[in-house]
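Participant: Got a structure here, written out as structure tokens. Questions coming.
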Amino acid sequence: MQGIQMVDLKRQYHHIKPEVDAAIQNVIDTTAFINGPDVAAFGKELATYLGVKHVIPCANGTDALQIALMALGLQPGDEVITPSFTYIATVEVVALLRLKPVFIDVDADTFTINPESLKKAITSKTKAIIPVHLYGQSANMETILAIAKEHNIPVVEDNAQAIGGDYTFSNDQKVKTGSMGLIGCTSFFPSKNLGCYGDGGAIFTNDDALAEQMKMVANHGQKVRYYHEVVGCNSRLDTIQAAILRIKLRKLDEYCDNRRKVADFYDAAFAKYDNIITPARASYTKHVFHQYTLQLEGVDRNKVQEKLAERGVPSMIYYPVACHKQNMFKGLSDNNFELPVTDFLQSRVISLPIHTELTTQELEFITKNFIEVINELS
Ligand SMILES: *Cc1c(COP(=O)(O)O)cnc(C)c1O
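Residue numbers (our numbering): 3 to 380.
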């Protein structure tokens, strides 16, 4: 079998081609390339979908996080708590703004912030907490929000991998991921669950004043044109991307369902193998499976990847080096974080193809080959 990819954007496009092509052509015909009507319309539609008051579209997910931290008015040296087991963007913006990343550990089963680790890391200098809903599963937000509230620390959700996901509080209140913290951030990178055809991102909040501040920061620090109140940046979502996202937002729930079906198939196929640990599903959330990430027990992961590739099955390691071990943080003062769970996971996770268009035939091929390779190497 040929052509299996981690993410297959071409096939997805073919299903929505007439709509997408017409939307792109419309933007070109109207030449409303910057801040055209689709940008505001998409922002409103996404706000309705998420159940938040304000959505501020921006240029990418990294900018979304940066603008959020800038708008909170943090000062150099302020501490920001984040997991180390995440994509680098989460912590890079912290360092870029001369804030101090404080890395904490994650839970071995959900890959998201460990509340005990969070409690221990809080000091009088902690000025923000960034939980990451890694691989598409919400962090334990009820506990995290309670800890944050107790210390009066703002929570910025990194929802780049979990858009479309939800969270159910113990009082049965059900909300969307990204809508629980003071600020939520997301990315529309093409391979994300809600991806555009280039770069894009957005910031969410229910706080009116903060929304104004973030809009201003993203627009060269101006509210009135050519009158610059603060040092900001230039971060806009292109109109063409917004037009595409309006179409894909209407499909997001279906896309998440398709991803869950793939995960169900994998879970069932691997259930009886002790050395393949399938991803845990927390009871408080609906996993949207941005990635399908397994842990391998006592099997050489590099060899697994090699043998899978020979058989035409791609796989990826998200991420081969945890953030606190990256060279970019070598110079960071007191960077002596002990994160045993992060180190443990980083050495044994492996992700299999998952996207909205995988066929049963392809899934059978992937699981059969994966099991054969694991048996061979065990
Ligand atoms: C993709 C991603 C980002 C950054 O998004 P970009 O649009 O690529 O800048 C941030 N955090 C996480 C967890 C991500 O997966």
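In this text, a Cβ means the ideal position worked out from N, Cα and C, and glycines have one as well.
So P85 and I115 are supposed to be a Cβ contact under 8 Å. How far apart are they, rounded?
Facilitator: 5 Å
Participant: Distance, Cα to Cα, P103 vs F339?
Facilitator: Looking at the two C-alpha atoms, the distance is approximately 11 Å.
Participant: Are L334 and K178 touching if we call contact CB-CB under 8 Å?
Facilitator: For the pair L334 and K178, the CB atoms are not nearer than the 8 Å cut-off.
Participant: Give the straight-line distance between the Cα atoms of V264 and K250, rounded to the nearest whole angstrom.
Facilitator: 19 Å
Participant: Might you give, ordered along the chain, the residues of its own chain that have their beta carbon closer than 7 Å to the beta carbon of T315, omitting 5 neighbours on each side?
Facilitator: Strictly speaking, residue 315 in this sequence is Val, with Thr absent from that position. Same-chain partners within the cutoff: I6, I368, N371 and F372.
Participant: By the 10 Å Cβ neighbour count, where 16 or more other Cβ atoms means buried, how is A273 classified, buried or exposed?
Facilitator: Exposed.
Participant: Taking the Cβ atom as the reference point for each residue, do L212 and G166 lie within a distance shorter than 8 Å?
Facilitator: no
Participant: Inspect the CB distances between the region 14 to 34 and the region 242 to 260 and report whether three or more fall short of 8 Å.
Facilitator: Segments in contact, yes.
Participant: Using 7 Å as the cut-off, classify the Cβ of T170 as near or not near the heavy atoms of ligand 1, replying yes or no.
Facilitator: no
Participant: For a test of your reading of the model: does the CB of A70 fall under 7 Å from any non-hydrogen atom of ligand 1? Yes or no.
Facilitator: no
Participant: Between the Cα of I111 and the Cα atoms of T295, H357 and Y320, which residue gives the shortest distance?
Facilitator: According to the sequence provided, residue 111 is Asp. The question's Ile does not apply to it. The shortest C-alpha to C-alpha distance from D111 to any of T295, H357 and Y320 is the one to T295.
Participant: Just verifying my parser: in three-state terms, what is the DSSP assignment at S119?
Facilitator: helix
Participant: Would you tell me roughly how many angstroms separate the C-alpha atoms of I205 and C198, rounded to the nearest one?
Facilitator: 16 Å
Participant: Just list the alpha helix (DSSP H) runs in the region 37 to 96, keeping only unbroken ones of 4 residues or longer that don't cross its boundaries, in chain order.
Facilitator: 39 to 52 and 63 to 73
Participant: Identify every run of the beta strand (DSSP E) within the region 204 to 272, keeping only runs that are complete inside it and at least 3 residues long; order them along the chain.
Facilitator: 224 to 226
Participant: In whole angstroms, what is the alpha-carbon distance linking T207 and K225?
Facilitator: Approximately 18 Å, taken between the alpha carbons.
Participant: Let me check you understand the geometry: is the CB of V134 closer than 7 Å to at least one non-hydrogen atom of ligand 1?
Facilitator: yes
Participant: Which residues mark the beginning and the end of the beta strand (DSSP E) in which T179 is found?
Facilitator: Looking at the DSSP string, T179 is not in any beta strand (DSSP E), and its letter there is neither H nor E.
Participant: Name the residue from D209, Q297, I58 and A70 whose alpha carbon lies nearest to the alpha carbon of N37.
Facilitator: I58
Participant: Between which two residues does the alpha helix (DSSP H) containing F105 stretch?
Facilitator: Per DSSP, F105 belongs to no alpha helix (DSSP H); it is in the beta strand (DSSP E), K102 to I106.
Participant: Applying the criterion that 16 or more other CB atoms from any shown protein chain within 10 Å of the CB defines a buried residue, is P281 buried or exposed?
Facilitator: buried
Participant: Can you determine whether any heavy atom of ligand 1 sits closer than 7 Å to the C-beta of K194, and answer yes or no?
Facilitator: yes
Participant: May I ask whether a heavy atom of ligand 1 can be found less than 7 Å away from the beta carbon of H154?
Facilitator: The residue you asked about is not His; residue 154 is Asn in the sequence shown. Checking the Cβ of N154 against ligand 1 gives no.
Participant: Could you round the C-beta distance between R261 and I356 to whole angstroms and report it? I think they count as a contact, below 8 Å.
Facilitator: Contact flag correct, Cβ pair sits at about 6 Å.
Participant: Any chance the CB of F44 is under 7 Å from a heavy atom of ligand 1?
Facilitator: no
Participant: So S193 packs on V9, CB below 8 Å; how close in whole Å?
Facilitator: 4 Å
Participant: Given that a residue counts as buried once 16 or more other Cβ atoms are within 10 Å of its Cβ, and exposed if not, what is S382?
Facilitator: Given that the chain is displayed from residue 3 to residue 380, the structure contains no residue 382 and the question cannot be resolved.
Participant: Which partner residues of V158 appear in the DSSP bridge assignment?
Facilitator: I185
Participant: Is the beta carbon of P117 sitting closer than 8 Å to the one on D160?
Facilitator: No, these two residues do not count as a Cβ contact at 8 Å.
Participant: Would you call the CB atoms of I90 and C325 closer than 8 Å?
Facilitator: Taking the C-beta atoms as reference points, C325 is found nearer than 8 Å to I90.
Participant: Which of the three DSSP states, helix, strand or coil, is assigned to T112?
Facilitator: When DSSP states are grouped into helix, strand and coil, T112 belongs to the coil group.
Participant: What number of angstroms, rounded off, separates the C-alpha of T358 from the C-alpha of F191?
Facilitator: 15 Å
Participant: Applying the 10 Å Cβ sphere with the 16-neighbour rule, what's the burial state of D31?
Facilitator: Classification of D31: exposed, given that the 10 Å Cβ count is below 16.
Participant: Do L215 and A42 have their C-beta atoms within less than 8 Å of each other?
Facilitator: One point to set straight first is that residue 215 is Gln, not Leu, in the sequence displayed. Contact flag unset, no.
Participant: Compute every distance between the C-beta of N62 and the non-hydrogen atoms of ligand 1, then say whether any falls below 7 Å.
Facilitator: yes
Participant: Would V219 and I69 qualify as a contact pair, given that the criterion is a beta-carbon distance under 8 Å?
Facilitator: yes
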